[in-house]
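For the sequence shown, my numbering assigns the number 1115 to the initial residue and increments by one for each residue that follows. Ideal Cβ placement from N, Cα and C applies to all residues, glycine included.
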Amino acid sequence: MKFPSNRLDSIIKVFRNQLSGLYPENEITSFIAISFKKILDFSRIDLILNAEQNINESDLLKINTVIKELKHFKPIQYVFGRTIFMDCIININASVLIPRPETEELVSLVLKEKVGGDDLKILDIASGSGCIAIALKKHLQNAIVYGTDISSEAIEIAKENALINDTNISFYLHDITSNENIFQDSFFDIIISNPPYVLESEKLEMHPNVLNFEPHIALFVPNEDPLIFYQYILQKGIKWLKPGGALYVELNSSQFNKLYSVFKQLGYISIVKQKDINGKIRFIKGEKPLI
Ligand code: GLN
């Protein structure tokens, strides 16, 4: 695409026109603010004060690429490889999901309850970018936090995120469906997980920004076995938790009844559900009995 002029105000106009109709206007405004902050380090006010300034060719090229990616519905978080999750900067790439606001609610729930006191041992299963483990460690400085994931690319970025957030977390490559028992029994106070839970059949309703850019391995489960990962997480959880410890998971609201039964079958007690901000059942917590 050619820009008619190098002037900032003219470039912003092109940016808006190119995306108009593809996104709501207020979303385009926020894309513009994010993009010019990242590329030129200009705030919203700077964009007005410097409207007549000429932008150099290398920055123009970057802006052009951003517009192209947004036109293909690449999420802005992937465009710049970064997002914010509960005050933590989280780098992301095509190997990990964009952290969701619901998952912030899950972390807040754990922080509110703080089962087990101060020196907690916490495990996050299927960590992805590491956002859950990192946010927990950031808020519970004395906790010892572990994370696992089946993807080595995810583990790599989770470790990088732990570093940039100045948090000490042990991330391990581990497939929860394997027999490899990497933790001792009765070790953790809290286990938390946001495993894949979107049914293959729900693909049809999903937007191209999710379907074409987010890793399917982190999202989808087979229609005929939607709780596959929960089965393993709950089985391992009841072994790895200390008596009195708690397991928290995020879930697909359509699977609540079935998942509640699995919690009961495996011996969890004090099972409680929690809705998300949209009023959907989104979280379940269960405890390992004391005796
Ligand atoms: N909540 C995510 C979504 O709506 C799914 C995350 C997951 O599968 N764990 O796309």
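Check: residue i C-beta below 7 Å from any heavy atom of the ligand GLN
| i | result |
| --- | --- |
| R1214 | yes |
| Y1311 | yes |
| L1211 | yes |
| P1324 | Inspection of the sequence shows that residue 1324 is occupied by Val rather than by Pro. Yes, the Cβ of V1324 comes within 7 Å of a heavy atom of the ligand GLN. |
| E1364 | yes |
| L1361 | no |
| L1341 | no |
| L1287 | no |
| L1333 | yes |
| N1140 | no |
| N1392 | no |
| N1337 | no |
| N1293 | no |
| N1308 | yes |
Residue j beta carbon less than 8 Å from that of residue i
| i | j | result |
| --- | --- | --- |
| L1184 | F1145 | yes |
| I1153 | I1177 | yes |
| F1334 | L1237 | no |
| N1168 | R1121 | yes |
| L1348 | K1399 | no |
| G1381 | I1352 | yes |
| L1373 | L1365 | yes |
| I1290 | A1240 | yes |
| G1261 | I1304 | no |
| I1203 | N1279 | yes |
| I1395 | F1377 | no |
| L1225 | Q1388 | no |
| D1123 | A1165 | yes |
| N1323 | P1189 | yes |
| E1314 | N1337 | yes |
| E1216 | D1339 | no |
| F1302 | K1228 | no |
| T1281 | K1251 | yes |
| I1126 | F1117 | no |
Spatial neighbours of residue i in its chain, beta-carbon cut-off 7 Å, leaving aside the 5 residues before and after
| i | result |
| --- | --- |
| N1326 | F1187 |
| F1199 | P1213, E1218, C1245, A1249 |
| G1096 | Nothing about residue 1096 can be read from this structure; the chain reaches only from 1115 to 1405. |
| I1269 | D1263, F1285, L1287 |
| L1488 | With the chain covering only 1115 through 1405, there is no way to say anything about residue 1488. |
Sequence-distant residues of the same chain with beta carbon closer than 8 Å to residue i, five excluded per side
| i | result |
| --- | --- |
| I1271 | N1205, I1206, N1207, S1209, V1210, S1243, G1244 |
| I1405 | P1357 |
| P1310 | A1240, I1331, A1332, L1333, F1334, V1335, F1343 |
| D1233 | N1256, A1257, I1258 |
| E1267 | N1207, S1209, V1210 |
| I1181 | M1115, V1128, F1129, Q1132, L1133 |
Boundaries of the alpha helix (DSSP H) in which residue i is found, first to last residue
| i | result |
| --- | --- |
| S1172 | 1171-1185 |
| D1238 | D1238 -> not in any alpha helix (DSSP H); beta strand (DSSP E) instead, spanning 1235-1239. |
| N1140 | 1139-1154 |
| E1267 | 1266-1278 |
| I1198 | No alpha helix (DSSP H) holds I1198; the beta strand (DSSP E) holding it covers 1196-1199. |
| Q1379 | 1370-1379 |
| P1336 | Where P1336 is concerned, there is no enclosing alpha helix (DSSP H), given that its DSSP letter is neither H nor E. |
| L1325 | 1322-1325 |
| L1163 | 1158-1163 |
| L1250 | 1245-1253 |
Same chain, Cβ closer than 6 Å to residue i, neighbours up to 5 away in sequence not counted
| i | result |
| --- | --- |
| R1158 | A1147 |
| S1384 | E1401 |
Opening and closing residue of the beta strand (DSSP E) in which residue i lies
| i | result |
| --- | --- |
| V1259 | 1258-1263 |
| P1357 | 1355-1364 |
| Y1286 | 1283-1287 |
| V1386 | 1383-1389 |
| T1217 | Run containing T1217: none in the beta strand (DSSP E); it sits in the alpha helix (DSSP H), 1215-1227. |
| S1307 | 1302-1307 |
| K1399 | 1395-1401 |
| N1131 | Not the beta strand (DSSP E): N1131 falls in the alpha helix (DSSP H), residues 1122-1133. |
| I1203 | 1202-1205 |
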